[in-house]
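A.B. asks:
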Amino acid sequence: MAVFPTKQSFPSLESNRIAVSKQGQVAVIKERCIELYGRDVTNGIPWMVRKISASLSRPSDLCFAPNDALVVSDVGDNTIKIFDLTRNLQPVNQIIIGHDFFGMFIVLDRSTVPHFDMRALRTFRIPQNVAISSGPSSQLFFAMPCW
Numbered sequence: 001m002a003v004f005p006t007k008q009s010f011p012s013l014e015s016n017r018i019a020v021s022k023q024g025q026v027a028v029i030k031e032r033c034i035e036l037y038g039r040d041v042t043n044g045i046p047w048m049v050r051k052i053s054a055s056l057s058r059p060s061d062l063c064f065a066p067n068d069a070l071v072v073s074d075v076g077d078n079t080i081k082i083f084d085l086t087r088n089l090q091p092v093n094q095i096i097i098g099h100d101f102f103g104m105f106i107v108l109d110r111s112t113v114p115h116f117d118m119r120a121l122r123t124f125r126i127p128q129n130v131a132i133s134s135g136p137s138s139q140l141f142f143a144m145p146c147w
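When you line the sequence shown up against UniProt numbering, it's residues 1 to 147, in that order.
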């Protein structure tokens, strides 16, 4: 009779957040960066690993949009960052969530209001989880801690 060791022989993952795109790219949060595995569709490289670390402080969750853009919630600076992986590894947009001085809930898209005075927000909300619905009119969903 064979005896199997009780200890797992699988390598442990450093992260618990992973997303897979329609094109087969895999994004994994590792410490303070995101590693992308898969084909490079722009250069035709069959398999590669790329790392996104610029402009990320503490990535919490990620998902791919229907257009294969990478959407990341960053709890370090309380933003949702959007990366167009066909261009470069810098964010192309940021979404900021908070309350103004009158208590109004604000969801700010930095691409439409690039010069918004951030001092107008009294509190920032922390987007922990993100998800995007599929379809032509996709919607962004996010979860925040209640307080």
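Think of the CB as a built atom: it goes at the ideal place given N, C-alpha and C, for glycine as much as any other residue.
So, do the region 118–125 and the region 85–98 have three or more beta carbon pairs nearer to each other than 8 Å?
C.D. replies: Taking 8 Å as the limit for Cβ pairs, the verdict is that the region 85–98 does touch the region 118–125.
A.B. asks: Using only CA atoms, which one of K51, V92, L108, R87 lies nearest to V71?
C.D. replies: For the residues K51, V92, L108, R87, the minimum Cα distance to V71 belongs to V92.
A.B. asks: Residues in the same chain with beta-carbon distance under 7 Å from A131, minus the five sequence neighbours each way, listed in chain order, please.
C.D. replies: Closer than 7 Å at Cβ, skipping near neighbours: C63, F141.
A.B. asks: Using a Cβ-Cβ cut-off of 7 Å (strictly less than) and excluding sequence neighbours within five positions of R58, which residues of its own chain qualify?
C.D. replies: R32, D74, V75, G76, listed in sequence order.
A.B. asks: Considering only residues of the same chain and omitting the five flanking positions on each side of H115, which have a CB-CB separation below 7 Å?
C.D. replies: Result list for H115: empty, nothing under 7 Å.
A.B. asks: Determine the burial state of S21: buried for a count of at least 16 other Cβ atoms within 10 Å of its Cβ, exposed for fewer.
C.D. replies: Flag for S21 reads buried.
A.B. asks: State buried or exposed for T112, treating a residue as buried only when at least 16 other CB atoms are found within 10 Å of its CB.
C.D. replies: T112 comes out exposed.
A.B. asks: Have a look at the DSSP bridge pairing and note the partners of K22.
C.D. replies: For K22, which the question treats as bridged, DSSP gives no partner whatsoever.
A.B. asks: Hey, could you find the ends of the beta strand (DSSP E) I126 is sitting in?
C.D. replies: That residue, I126, is in no beta strand (DSSP E); it is neither H nor E in DSSP.
A.B. asks: Residue ranges of each alpha helix (DSSP H) run of no fewer than 4 residues wholly in the region 39–123, ordered along the chain?
C.D. replies: Correct list: empty.
A.B. asks: Buried or exposed for N16, please, with buried defined as at least 16 other CB atoms from any protein chain shown within 10 angstroms of its CB.
C.D. replies: Classification of N16: exposed, given that the 10 Å Cβ count is below 16.
A.B. asks: Return the chain-ordered list of same chain residues with a C-beta closer than 8 Å to the C-beta of Q23, the five sequence neighbours on each side being excluded.
C.D. replies: Within the same chain, Q23 has close Cβ partners G38, R39, V41, D68.
A.B. asks: Among R87, D61, N88, I126, which has the Cα closest to the Cα of F105?
C.D. replies: Among R87, D61, N88, I126, the Cα nearest to that of F105 belongs to I126.
A.B. asks: Go ahead and label K81 buried or exposed: buried means 16 or more other beta carbons lie within 10 angstroms of its beta carbon, across all protein chains shown.
C.D. replies: The residue is buried, with at least 16 neighbouring Cβ atoms inside 10 Å.
A.B. asks: Any idea what DSSP makes of E35, helix, strand or coil?
C.D. replies: Looking at E35 - three-state DSSP - the assignment turns out to be strand.
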